[in-house]
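Participant: This is the structure, below, for whatever I ask next.
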Amino acid sequence: MYEIHTRRKYETPRLQTRREREREREREPHLDRSDPTRQSLTISRNPMKLSTAMFSSVRAASRPQPVPSSFPSPFCKNFTSPKGSKSTVSFPLTRPISSNGKRSLSASLSSDAGSGVPQSSSQGAESFLRSVLQSMETVYLYRNPTARAVLELVRSAGEDQICYDHLAFRTFGVNGHGIDSMASFFLDYGYTQQEELRFPAKKLRALWFSPPKFSPGRGGSGVHGPLPRAFISELLVDQMSPQTQDIIRKYVRISGNGNKHAALASALGTLTWEKPLHSEFQQLARESEYAAWTLVNGYALNHVTISVHRLKSNLKGINNLNKFFEDNGFKLNSEGGVLKVSPDGLLQQSSTVADSFPFQFSDGVIERVPCSYIEFAERLVLPQFKNLPENEVKEFHRRDGFEVGNADKIFESTSKEQLTRRAA
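And the structure:
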């Protein structure tokens, strides 16, 4: 332990004699270097003296350490020194985090006894995850006035808490820019991969991910409520025509390592590639409206989904909700009927038609292109729990997962046919 001493103001410093310096060295405590991972620096109000050994300890403690191979939490805690005339600041070095070969959202933080520092980073990880999702949501609501109006209308009906069932993203399944590019962020923060869904006619593949067991949201709405599922799909680019493949591969190549920052691009509301030519957008739209949408929207949120069975007012029940929206002038996706129902009857879904916005292509052409939409999902109670009192029913008592038939029709919310019907 070394002391930094401060001189009284205006006091003229006096040079020490050799004998005085030797006496002082004898009084100095020995610095224990046996544990290089934890050394301390004590500051007090006495004549100032900085020793070379003290600077060495600070340099050793602040030197960057190798990054662990397993995924650590990106959070560090702010350490506040206790009040008083002396403050002790610890400089713990990074310690390896054990890895079991899987991505983990939690990492242990070492702390001094009585410092009040949490032993787990899960709270910080949850806070960061929700902040990123909030940024994605902010971009989504800014670009999609229909979604914004729907949420405001539901709140006006007396709903203090609106929960999201899932968030959805679209990707190009080529050269690492597919599902994995966005899924990596969710996996890093505790999401778990679930079933795969295939859509042969649309040449699409999707995976959905269940959320981690964080806090239930403490009554918050949207991304601050119970964490939503993630539904991530990709276009099977290798199955497209050579012309369409060339266009997609061109922009994926321009993107470079953009696939490693898919979540960041979504949160910022920006493309990871350059704006395309209008003719290229048209070529993709003729073959796959999904491909054309992804070319101009990138990793943006494709839709958020309101969890209908979590509503408390008279809007509870998807048929009531659909009628409420139509009575208020909203156009719902009519592909296969307004209400999409799974074969077991336990997953019922509907959605609005996507908004559109003016997009300026790289050649100067400006055209309105489809943006995003908002979906509604009601998950009914599984047969084995049908006799439970309503106030005892939890989310795990309800139908989970997704249904290919439902999702196939929900994809049409961004189609030219549905947008034309909306404009009529």
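All residue numbers for the sequence shown refer to the working numbering, where the first residue is 6 and numbers rise by one. For glycine and all other residues, C-beta sits at the position ideal for the given N, C-alpha and C.
1) Please go through the stretch 238-320 and give each complete beta strand (DSSP E) segment of 3 or more residues, from N-terminal end onward.
2) Since R160 and S238 should fall inside the 8 Å C-beta cutoff, what is the C-beta to C-beta distance between them, to a whole number of angstroms?
3) Which partner residues of H171 appear in the DSSP bridge assignment?
4) Using the beta-carbon count (16 or more within 10 Å), is P348 buried or exposed?
5) Going straight from the alpha carbon of S74 to that of L192, what length do you get?
6) Check for me: the beta strand (DSSP E) holding E372 runs from which residue to which?
7) Using a threshold of 8 Å, state whether the C-beta atoms of S271 and H308 are closer than that.
8) Measure the beta-carbon distance from R315 to L352 and round it to whole angstroms, keeping in mind my assumption that it falls under 8 Å.
9) With distances taken Cα to Cα, identify the nearest neighbour of E164 among G227, A297, Q248 and K265.
10) Would you call K399 buried or exposed, if buried means 16 or more other Cβ atoms sit within 10 Å of its Cβ?
11) Relative to the C-alpha of M245, which candidate in N262, A382 and E292 has its C-alpha closest?
12) When we look at the beta-carbon of S260 and count the other beta-carbons within 10 Å, is it buried (16 or more) or exposed?
13) In angstroms, rounded to a whole number, what distance separates the CA positions of F190 and P216?
14) Rounded to the nearest angstrom, how far is the Cβ of W298 from that of T425, given a contact under 8 Å?
15) Taking all protein chains shown into account, do 16 or more other C-beta atoms lie within 10 angstroms of the C-beta of S186, making it buried, or fewer, making it exposed?
16) On the criterion of 16 or more Cβ atoms from any shown chain inside 10 Å, does K391 qualify as buried, or is it exposed?
17) With V301 and H182 assumed to form a contact (beta carbons below 8 Å), what rounded beta-carbon distance in angstroms separates them?
18) On the criterion of 16 or more Cβ atoms from any shown chain inside 10 Å, does Y304 qualify as buried, or is it exposed?
19) What residue range is occupied by the uninterrupted alpha helix (DSSP H) comprising A211?
20) Could you pull the start and end residues of the alpha helix (DSSP H) that P150 belongs to?
21) Enumerate in chain order the residues of its own chain whose CB-to-CB distance from I184 is below 8 Å, with the five nearest sequence positions on each side excluded.
22) How is S347 classed by DSSP in three states: helix, strand or coil?
23) Should S318 and A154 be called a contact, given that it needs their Cβ atoms to be closer than 8 Å?
24) Between the stretch 333-342 and the stretch 409-418, are three or more C-beta pairs nearer than 8 Å?
25) DSSP three-state label for P394, please.
Facilitator: According to the structure shown:
1) As far as the stretch 238-320 is concerned, its whole beta strand (DSSP E) runs of at least 3 residues are 308-312.
2) Rounded, the Cβ-Cβ distance is 29 Å, inconsistent with contact.
3) When DSSP reads this structure, H171 sits in a beta bridge with R234 and T310.
4) When all chains shown are included, P348 counts as exposed.
5) Annotation note: pLDDT 30 at S74 (below 50); position unreliable, coordinate value reported separately. Answer to the nearest angstrom: the Cα atoms are 16 Å apart.
6) E372 -> beta strand (DSSP E) spans I371 to P375.
7) No; because the gap between Cβ atoms is not below 8 Å, this pair is not in contact.
8) The pair is not a contact, with the Cβ atoms about 15 Å apart (cut-off 8 Å).
9) Closest by C-alpha distance to E164, out of G227, A297, Q248 and K265, is G227.
10) Counting the other CB atoms within 10 Å of its CB gives K399 a total below 16, which places it among the exposed residues.
11) Comparing Cα-Cα distances from M245 to each of N262, A382 and E292, the minimum goes to E292.
12) Buried, by the Cβ-count rule.
13) Rounded to the nearest angstrom, the two C-alpha atoms are 12 Å apart.
14) With a Cβ gap of about 15 Å, W298 and T425 do not count as contacting.
15) When all chains shown are included, S186 counts as buried.
16) Counting of Cβ neighbours within 10 angstroms places K391 among the exposed residues, the total staying below 16.
17) Contact doesn't hold; Cβ gap of about 15 Å is too wide.
18) Buried: at least 16 other Cβ atoms inside 10 Å.
19) Note, A211: premise wrong, no alpha helix (DSSP H); beta strand (DSSP E) at L209 to S215.
20) From DSSP, the alpha helix (DSSP H) with P150 extends over P150 to S161.
21) So the qualifying residues of the chain are T176, G178, R210, A211, L212, I237, S238 and E239.
22) Coil at S347, not helix or strand.
23) No, Cβ-Cβ distance for S318 and A154 is not below 8 Å.
24) At 8 Å Cβ cutoff, the stretches touch.
25) Under the three-state reduction of DSSP, P394 is assigned to coil, being neither helix nor strand.
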